[in-house]
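For the sequence shown, the working numbering begins at 578 and goes up steadily by one.
Built from N, CA and C at the ideal position, the CB exists for glycine as well.
Bear in mind that the values here come from a model prediction, so they are computed numbers and not experimental data.
Structure first, then comments.
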Amino acid sequence: MYDHIGLRVGNLDASVRFYTAALAPLGFVLCSRDDSGAGFGPKGEPALWLHLHKGAGSTGAHVAFRAPDHGAIKKFHTEGLKAGGRDNGGAGARADYSPTYYAAFLIDPDGNNVEAVCT
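So this is what it looks like as structure tokens:
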């Protein structure tokens, strides 16, 4: 659980497209947007902040979003790919993590590993 996370992004428009598509199946929406950043989360409660950064690339981060069910995880992966994400592990069981762990992984436009999971 977290209060909020901030990620640096090199192309705000591409990142907003990716996160809008990938997070919609999980129930998260674009809550705030200006020229320098955007915030996503439950309506009115942004918790993922994207900050436009034109400096050297980052080393990448890992962010996992809780999903309500397997169907939402499959849609997260499908919609994220359509919006410019790269596959980093399709929707499926991850028994090596735990017997009930089900997740999908994408690489966002800035190289961050983004996961949707339910257990």
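When rounded, the separation of the alpha-carbon atoms in Phe-642 and Asp-611 is 24 Å. For Leu-625, the enclosing beta strand (DSSP E) has its first and last residue at 625-629. Ser-592 is classed as buried because its beta carbon has at least 16 other beta carbons within 10 Å across all chains shown. Here His-639 has Asn-690 as same chain residues with Cβ atoms under 6 Å from its own Cβ, once five neighbours each way along the sequence are excluded.
Positions of the alpha helix (DSSP H) runs, each at least 4 residues long and wholly inside the segment 595-681, are given as 647-659 in order along the chain.
Taking the CA atoms as reference points, Gly-688 sits about 6 Å from Gly-637. The alpha-carbon of Val-586 is positioned some 32 Å away from that of Asp-673.
Between Trp-626 and Gly-583, the CB-CB gap stays under 8 Å.
The alpha-carbon of Gly-616 is positioned some 33 Å away from that of Pro-676. DSSP places Gly-583 in the uninterrupted beta strand (DSSP E) bounded by 582-586. His-654 has its alpha-carbon roughly 11 Å from the corresponding atom of His-647.
CA-to-CA, the gap between Ala-599 and Thr-696 works out to about 19 Å.
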